[in-house]
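Data first, discussion second: the structure below is written as structure tokens.
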Amino acid sequence: MNNDVEDKKSYIIRCENLVKIYKTSEIEVVALQGLDLNVEQGELMAIIGNSGSGKSTLLNMIGGLDKPSAGALIVDGKDLFKMSEKEMNQYKRNTVGFVWQNSARNLIPYLTARENIKLVKRIGRAGSESDNSEQLLELVGLGHRKNNKLGELSGGEQQRVAIAIALANEPKLLLADEPTGAVDTKTSEQILDFFRKINRELGITVVIVTHDRQIARKVDRVVAIRDGKTSSEFVRKRSYVDVLQEVGNLMDSTEEEETHEELAVLDKAGRVQIPREYLDSIEIKNSNKVKIELEGSRIVLYKPER
Ligand SMILES: Nc1ncnc2c1ncn2[C@@H]1O[C@H](COP(=O)(O)OP(=O)(O)O)[C@@H](O)[C@H]1O
Ligand SMILES: [Mg+2]
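First residue of the sequence shown? That's 143 in my numbering, and the numbers climb one at a time after it.
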């Protein structure tokens, strides 16, 4: 895409050449190796990748829970590198909401759903805000369970209470790390549909991290990360299927799958990651060189002659 057009879009998240190195006494782990990612305001998107590919590391940095080793990270117009501790606390409290696989573990089982929400709000903001716990529970479809003790709710319901809490301070950005990792398929569908609902109705930008490739059916864009770098991207193409969905018709999943187009990510220096299978199929195995030629409007890669 043309860079001028790119720059004019309003991105809520901009990661540029993000590097994260974990140092322990024995080893250094490069969890992110120059990752670029832009997320538009109001997007519903997912980041997928195998275990260990750097997904949680990335999300934690966007959420201000950890600091990058190098690179630029701008969220909601604020440079996370340049924030004071006070600004960072405000950012974590007001701009982002976080949901984890086991978020409900941090809640208190002998308090009711409402009391749990009120408690977290009180810790977060010194009681300055009005009590919106009831509306929040309505929003996540648990209005009828508001006075049940948390321990009396199912795993999926507890996860919805955790989501209500993440939304309590009206964040602009909801970050979810494997939010459906601990629930069954049906509950997982409900949670993902709920993310879509709050994205559409409240305009909250939602970023979901998961190893589950099926997520593509539930979001507008999927970015794949491999070895700490973005490798490819699937964009939902607007088609009649989408239009049908908007007017409330159900559709079958195979049709939906076809509305995604896979794109490789091109970084600022013009580098692109080529899938191993492609290289193998032109027999680039033990060499680190490839021949590149421009053929009309295509760029073609060849195995070097010798
Ligand atoms: N606190 C840490 N200390 C050392 N290494 C870590 C730490 N957190 C993550 N890593 C390493 O960084 C890499 C990326 O991890 P992570 O972001 O958790 O991946 P994912 O969420 O995709 O499974 C892995 O190799 C992991 O072992
Ligand atoms: Mg993880």
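Ideal Cβ positions, reconstructed from N, Cα and C, are used throughout, including at glycine.
For the region 155-166 and the region 352-359, state whether three or more C-beta atom pairs, one from each stretch, are separated by less than 8 angstroms. Touching, no.
Below 8 angstroms CB to CB, which residues in the same chain sit around D273 once its five sequence neighbours on both sides are set aside? K260 and K263
If distances are taken between C-alpha atoms only, which option among S198, V442, N180 and A304 comes closest to S275? A304
Considering only heavy atoms of ligand 2, does any lie closer than 7 angstroms to the CB of D319? Indeed, a heavy atom of ligand 2 lies less than 7 angstroms from the Cβ.
For A304, the first and last residue of its enclosing alpha helix (DSSP H): G297 to A308 is the span of the alpha helix (DSSP H), which, as asked, contains A304.
What residue range is occupied by the uninterrupted beta strand (DSSP E) comprising L179? E170 to E182
With three or more beta-carbon pairs closer than 8 angstroms as the criterion, would you say the region 293-309 touches the region 244-253? yes
Quick one: grab the DSSP three-state call for R264. helix
Considering only residues of the same chain and omitting the five flanking positions on each side of D409, which have a CB-CB separation below 7 angstroms? D178
Rounding to the nearest angstrom, what Cα-Cα distance links I434 and E447 in this structure? Spanning the two alpha carbons is a distance of roughly 12 angstroms.
When the Cα atoms are used, what is the spatial distance from R256 to N290? If I take the Cα positions, the gap works out to 8 angstroms.
In its own chain, which residues sit with a C-beta less than 7 angstroms from the C-beta of F240, not counting the 5 before and 5 after it? Closer than 7 angstroms at Cβ, skipping near neighbours: G205, A308 and L317.
Report yes if the C-beta of V239 is less than 7 angstroms from at least one heavy atom of ligand 1; otherwise report no. According to the sequence shown, residue 239 is Gly rather than Val. Result no, Cβ not under 7 angstroms from ligand 1.
Candidates I216, N311 and S195: which alpha carbon is nearest Q277's? N311
Output yes or no for whether 8 angstroms exceeds the beta carbon distance between A188 and V432. no
Can you give me the Cβ contacts of T329 inside the same chain, cut-off strictly under 6 angstroms, excluding the 5 residues immediately before and after it? Answer for T329: G298, listed in chain order.
Return yes when the Cβ of L186 is within less than 8 angstroms of the Cβ of V348, no when it is not. yes
Flag S198 as yes when its Cβ comes closer than 7 angstroms to any non-hydrogen atom of ligand 2, and as no otherwise. Within the chosen limit of 7 angstroms, ligand 2 reaches the beta carbon of S198 through at least one heavy atom.
With DSSP collapsed to three states, give me the class of D362. coil
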